[in-house]
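A.B. asks: Position 85 of the sequence shown, counting from 1, maps to 980 under the numbering used here, and the rest follow consecutively. Got a structure for you, written out below as structure tokens; questions coming shortly.
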Amino acid sequence: MSDYPSLQKQGKNLLKTVSDLLNKSKKPFVSDEISKERMEICTRCVYYDVSQIRCKKCGCFLKPKTKFAVNGCPIGAWPILDEEWVGYSQPILRMRIFGWYIDIMIPHILAEFIVKIEKLIDTFVRFVRKAL
């Protein structure tokens, strides 16, 4: 069995995106900064497939998905970004506790701090690996 939704469901998702782009979107793409933020959120998600850079929940390829303003995350980690969503962005920390996933909304300053710590740890690990 596939880790992804059925092809029929993926097709419906694609058709909805195309329809929204043609019918609802005044500005089809988000800025590079927002796209990058979305991708960073996705890479920390339990549904992220690193080998295909793809979401296991909706089946979408994430590099294009994160660029469209009419697309939102299927689990709500980042919103559709159109006029009604401007100004919305509440970072969510996803934690696994005893097999359960818990989403906790956190202040932006804490989210930025966590990302910096993750980068610092990654840099440290690369340094140690090179030293060994």
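Backbone N, C-alpha and C fix where the C-beta goes; we use that ideal spot for every residue, glycine too.
1) Between Tyr943 and Ile997, what straight-line distance do the alpha-carbon atoms span, to the nearest angstrom?
2) Looking at C-alpha atoms only, which residue of Leu916, Ile1016, Asp898, Lys904 is the closest neighbour of Ala964?
3) So, do the segment 903 to 912 and the segment 944 to 952 have three or more beta carbon pairs nearer to each other than 8 Å?
4) Using three-state DSSP, classify Ile929 as helix, strand or coil.
5) So what does DSSP say about Arg939, is it helix, strand or coil?
6) Under the rule that 16 or more other beta-carbon atoms within 10 Å means buried, what is Thr1018, buried or exposed?
7) Report yes if the CB atom of Pro969 is closer than 7 Å to the CB atom of Lys952, and no otherwise.
8) Does the separation of the CB atoms of Arg1035 and Thr961 fall below 7 Å?
9) Just to confirm, are Trp973 and Ile936 a CB contact at a threshold of 7 Å?
10) Mind checking who Phe956 pairs with in its DSSP beta bridge?
11) Report yes if the C-beta of Gln903 is less than 6 Å from at least one heavy atom of the ligand GDP; otherwise report no.
C.D. replies: With the structure as the only source:
1) By 1-based counting over the sequence shown, the position of residue 943 is 48. By 1-based counting over the sequence shown, the position of residue 997 is 102. If you take the alpha carbons of Tyr943 and Ile997, they lie about 16 Å apart.
2) Taking the sequence shown and counting its residues from 1, the one referred to as residue 964 is at position 69. Per the Cα distances, Leu916.
3) no
4) Residue mapping note: residue 929 aligns to position 34 of the sequence shown, counting from 1. Helix, per DSSP.
5) One-based indexing of the sequence shown puts residue 939 at position 44. Looking at Arg939 - three-state DSSP - the assignment turns out to be coil, as it is neither helix nor strand.
6) Locating residue 1018 in the sequence shown gives position 123, where the first residue counts as 1. The residue is exposed, with fewer than 16 neighbouring Cβ atoms inside 10 Å.
7) Looking up residue 969 in the sequence shown gives position 74. Looking up residue 952 in the sequence shown gives position 57. For Pro969 and Lys952, yes; Cβs fall inside 7 Å.
8) In the structure as shown, the chain starts at 896 and stops at 1027, and residue 1035 therefore has no counterpart that could be examined.
9) Against the sequence shown, residue 973 aligns to sequence position 78. Against the sequence shown, residue 936 aligns to sequence position 41. Yes, Cβ-Cβ distance for Trp973 and Ile936 is below 7 Å.
10) Sequence index remark: in the sequence shown, residue 956 carries index 61 (1-based). DSSP lists Arg949 as partners of Phe956.
11) Of ligands this structure carries none, so the ligand GDP is not represented either.
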